[in-house]
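Protein sequence lines, in the order shown, are assigned to chains A and B.
When the letters of the first sequence are read in order and numbered with the numbering used here, they come out as residues 88 to 593.
When the letters of the second sequence are read in order and numbered with the numbering used here, they come out as residues 1320 to 1639.
Every residue gets a Cβ at the ideal spot worked out from N, C-alpha and C, and that includes glycine.
Have a look at the structure below, then the notes.
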Amino acid sequence: MKTKRIVVKAAQASPSRPVVPLKERRLNFGNRWDYAPAPETFDYVKLEPRQGLFIDGQFVAPSGGKYFDTINPATEEKLTEIALGGERDVDLAVKSARQAYEGSWGKLSGRERGKYLYRIARLIQEQSRELAVLETMDGGKPIKETRDIDLPLVAAHFFYHAGWADKLQYAFPGRTPRPLGVVGQIIPWNFPLLMAAWKIAPALACGNTVVIKPSKTTSVTLLRLAAIFQKAGLPDGVVNVVTGVGETGTAIVKHPDVNKIAFTGSTEIGKQLAQLVAGTGKRLTLELGGKAANIVFDDAPLDQAIEGIIAGIYFNQGHVCCAGSRLLVQENVFPVVVRKLRDRLQTLRLGNPLDKNTDIGAINNRPQLEKIRELVKCGVAEGAELVQSRCPLPERGFWYPPTFLTGVTASHRVAQEEIFGPVLAVMTFRTPEEAIERANNTPYGLSAGVWTDKGSKIFKLVSQLRAGVVWANTFNKFDPTSPFGGYKESGFGREGGLQGLMHYTQ
Amino acid sequence: MNALVQSNNPRAAWGAKAPGGAGRLMATGQSVDQVMVEERAASFAKRSLKSSAKLTGLKLVVSMTDLTTLEGKDTPGKVAYLCRKALRPADPRHEVPPCGAVCVFPNMVRCARRFLGEGSPVKIASVATGFPSGQYPLRTRLEEVRRAQGDGADEIDMVINRNAFLTGDHALVFDEIAAVKAACGAAHLKVILETGELVTYDNVRLASGIAMEAGADFIKTSTGKVQPAATMPVTLVMLEAIRDFFFQTGIRIGMKPAGGIRTSKQALAYLVMVKETLGDDWLTPERFRFGASTLLNDVLMQIARAIDGRYQGADYFSLP
Chain A
88 MKTKRIVVKA AQASPSRPVV PLKERRLNFG NRWDYAPAPE TFDYVKLEPR QGLFIDGQFV
148 APSGGKYFDT INPATEEKLT EIALGGERDV DLAVKSARQA YEGSWGKLSG RERGKYLYRI
208 ARLIQEQSRE LAVLETMDGG KPIKETRDID LPLVAAHFFY HAGWADKLQY AFPGRTPRPL
268 GVVGQIIPWN FPLLMAAWKI APALACGNTV VIKPSKTTSV TLLRLAAIFQ KAGLPDGVVN
328 VVTGVGETGT AIVKHPDVNK IAFTGSTEIG KQLAQLVAGT GKRLTLELGG KAANIVFDDA
388 PLDQAIEGII AGIYFNQGHV CCAGSRLLVQ ENVFPVVVRK LRDRLQTLRL GNPLDKNTDI
448 GAINNRPQLE KIRELVKCGV AEGAELVQSR CPLPERGFWY PPTFLTGVTA SHRVAQEEIF
508 GPVLAVMTFR TPEEAIERAN NTPYGLSAGV WTDKGSKIFK LVSQLRAGVV WANTFNKFDP
568 TSPFGGYKES GFGREGGLQG LMHYTQ
Chain B
1320 MNALVQSNNP RAAWGAKAPG GAGRLMATGQ SVDQVMVEER AASFAKRSLK SSAKLTGLKL
1380 VVSMTDLTTL EGKDTPGKVA YLCRKALRPA DPRHEVPPCG AVCVFPNMVR CARRFLGEGS
1440 PVKIASVATG FPSGQYPLRT RLEEVRRAQG DGADEIDMVI NRNAFLTGDH ALVFDEIAAV
1500 KAACGAAHLK VILETGELVT YDNVRLASGI AMEAGADFIK TSTGKVQPAA TMPVTLVMLE
1560 AIRDFFFQTG IRIGMKPAGG IRTSKQALAY LVMVKETLGD DWLTPERFRF GASTLLNDVL
1620 MQIARAIDGR YQGADYFSLP
């Protein structure tokens, strides 16, 4: 091919295109134009100084008379006091649920149950801004996420299951589904309202009644949801909320008149619950920890893969059981991916969770913060290289900067244990076979991600990855129609979709 | 990765009918995922800009505006309006900077130079190369460029040969851009991809790579004569191509979305995207421009609102 001289010249640097030397090539994410604070208003949100238990349709004081403080993890300021529910309260709640099951709720047709669920879903939408603000204040999640992800999904779950309530007889061909009875549910602090919706909506759609316990650090929004149930006219006792601590949850699990336990939380507690339930005839579904592999191939749309990696691990400060916490990058694109990730990290805005521009909020509680610190320290001690955002951390509250560790191998603790924080372990692989092997090399199996431009590769991997959810060229996408759940130590049973519905019927 | 640029024969990378495209991998690095890029682009518009951030941003937008008139009915009188408006967009009390440039047809460059004078803070950009279709002989397209530059254009906005691009003759696209760059002399070259005709993000990314390798100083989305013109995701794909090219070659290429950006809110979302994709070094009229005509007065209206605390009617803002 003959090339004109002129072409050669033009492609070189010209006076208008000076060349920055290799060592000085970096992006400068500074303050030439900075965003002013843009806080969401919250003064209209009223919070009583003390929150009771929600039993038999009423807010009542705990029988033990004890309360504990719930704080805003971003400021460490006390928000309100939460009732400490004990065995007696749990017993009252279960009795009330049983009564509702035998009485009002159990006699309703599916169509009538559906009406209540639709009403609840609409009320959630109407109050969604207030609920989002409370979720952010109580849990530390950025308002951007509670407003745009949590609350819309909460409403969506109620809408979706409302639709099933009168169509259950068509859900499982050849079977006539019946409710189980009283369901005990225990939910974690990472998505307080969303987890409540995942649990309550299908239970009610199938005609069960509920005794539910939120995590100790995040009770406020579930109590607000209970107020919505009141407002919707849901018959007394159909849903009971018993706030409290670990023992409160144990009391629910041990209660003889509970027909099913649904738990979302750590694998450690999940195992204990499984032992408690064994031999009692109670049904059990567990949604536990994870250590998901996010696999990036060299033919992936890399800039979008970076967004997926970010969404995978820094969404909700990494307090996500299905977080893409192990990044597996094909060796030949590893330097590029790390450089892009490093730059992207700098543009994440950490700070006041109520600020509409905040991407990374506060760590939910102090013990969790300490656990994150300890594991990262251990990763560095084991030889991993630490990359952290240079963003300043607020003085008060629980904060951890977005972080990733390179040079991690499969035998590092940070590659094996669930960190449940904004910390990504970056590893490499050479071939698709190795990627599959490494991705499956974990006691968990909740989720995984695959990034490639080749459809055939996606199908190949999806069939071999042992994970309940596999995302292709995206991550952390949720939908009420899609079943969610794990393999191995990530638990059993599914939530969402037909598969999730099945676990609330017999 | 640098091999391509350092090679004596850059065209080789775009080998006319080279199968598979080794050159493609080198220059653009990757494919683009439509769903994720659109999601990411939408996220920038969610940034909430208040008070000082808003005012600073809006003034930056004015300084980055290529105030444009590209009509068959353009006359020296119309260009005079445009030039005066670009020099002094608003009441001096509001301390609004002049626009980045005026953008006109080649026949209007002389008028523009007469109205702006030498050494004006407002640059003169001239479209050329058979704008907007580019379906003219290379010889006359190059002649347009030389004439416009000779008449006083500081910047040349060329269109790529979409015919060649879409039929896979990427080497021809490359050569023509390089030839135009050579014809530009001292003038800066903006290369219009006309993304509305390239349709896919993969095409946009590839065309961006070709234009940057071939000598573009800026890459630009659209002529404004084809729908869709500039969109956030298309601009993001181009910004990402610019980012990769910078790391590969050390050359900072500018970006100009043009067409369809009419409101302050839209313009600020673009600025957010530049800030969070390329950083501070691109938050300057040297490296980022808006091709627009109706945008300016909306921005000025918002600036007046930010300073005076109330909105004024459209009649309080002079027409360009």
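Classification of residue i by the beta-carbon crowding that lies within 10 angstroms, buried from 16 upward
i	result
residue 374 of chain A	buried
residue 1474 of chain B	buried
residue 550 of chain A	exposed
residue 296 of chain A	buried
residue 531 of chain A	buried
residue 1390 of chain B	exposed
residue 362 of chain A	exposed
residue 109 of chain A	exposed
residue 1546 of chain B	exposed
residue 1347 of chain B	Note on residue 1347 of chain B: pLDDT 46, under 50, position unreliable in the model; the coordinate value appears next. Buried, because 16 or more other Cβ atoms sit within 10 Å of the Cβ of residue 1347 of chain B.
residue 180 of chain A	buried
residue 1324 of chain B	Residue confidence is low: residue 1324 of chain B scores 38 on pLDDT, short of 50, so the model does not pin down where it sits. No coordinate-derived value is stated.
residue 1636 of chain B	buried
residue 257 of chain A	exposed
residue 1442 of chain B	buried
residue 225 of chain A	buried
residue 1392 of chain B	exposed
Cα-Cα separation, residue i to residue j
i	j	result
residue 564 of chain A	residue 149 of chain A	38 Å
residue 202 of chain A	residue 585 of chain A	20 Å
residue 534 of chain A	residue 415 of chain A	14 Å
residue 1564 of chain B	residue 429 of chain A	17 Å
residue 200 of chain A	residue 176 of chain A	26 Å
residue 1601 of chain B	residue 293 of chain A	57 Å
residue 537 of chain A	residue 387 of chain A	9 Å
residue 512 of chain A	residue 248 of chain A	37 Å
residue 282 of chain A	residue 573 of chain A	16 Å
residue 510 of chain A	residue 1382 of chain B	40 Å
residue 279 of chain A	residue 1374 of chain B	38 Å
residue 497 of chain A	residue 503 of chain A	7 Å
residue 169 of chain A	residue 1363 of chain B	38 Å
residue 484 of chain A	residue 129 of chain A	19 Å
residue 597 of chain A	residue 570 of chain A	Because chain A here runs from 88 to 593, residue 597 of chain A falls outside it and cannot be looked at.
residue 196 of chain A	residue 590 of chain A	20 Å
residue 1552 of chain B	residue 1455 of chain B	30 Å
CB contact flag (residue i, residue j, <8 Å)
i	j	result
residue 227 of chain A	residue 450 of chain A	yes
residue 112 of chain A	residue 1569 of chain B	yes
residue 1430 of chain B	residue 1385 of chain B	no
residue 371 of chain A	residue 592 of chain A	no
residue 1578 of chain B	residue 101 of chain A	no
residue 481 of chain A	residue 435 of chain A	no
residue 1520 of chain B	residue 1356 of chain B	yes
residue 161 of chain A	residue 560 of chain A	no
residue 1472 of chain B	residue 1428 of chain B	yes
residue 1408 of chain B	residue 1415 of chain B	yes
residue 289 of chain A	residue 587 of chain A	yes
residue 594 of chain A	residue 344 of chain A	Shown here, chain A extends from 88 to 593; a query on residue 594 of chain A therefore has no answer.
residue 356 of chain A	residue 369 of chain A	no
residue 474 of chain A	residue 493 of chain A	yes
Cut-off 6 Å between Cβ atoms - residues of its own chain near residue i, not counting five sequence neighbours on either side
i	result
residue 276 of chain A	302, 304, 305, 451
residue 217 of chain A	132
residue 457 of chain A	none
residue 1638 of chain B	none
Same chain, Cβ closer than 7 Å to residue i, neighbours up to 5 away in sequence not counted
i	result
residue 385 of chain A	417, 419, 420
residue 208 of chain A	242, 245, 246, 249
residue 562 of chain A	381, 395, 398, 399, 411, 536
Expected contact under 8 Å - CB spacing of residue i and residue j to nearest Å
i	j	result
residue 444 of chain A	residue 411 of chain A	Not confirmed; about 24 Å, so no contact.
residue 339 of chain A	residue 298 of chain A	6 Å
residue 1538 of chain B	residue 1527 of chain B	5 Å
residue 441 of chain A	residue 157 of chain A	Rounded, the Cβ-Cβ distance is 17 Å, inconsistent with contact.
residue 1586 of chain B	residue 1619 of chain B	Not a contact, Cβ separation roughly 12 Å.
residue 1500 of chain B	residue 1575 of chain B	In fact, because the Cβ distance is near 16 Å, the residues do not count as touching under 8 Å.
Own chain partners of residue i with C-beta closer than 8 Å, once the 5 adjacent residues on each side are dropped
i	result
residue 461 of chain A	none
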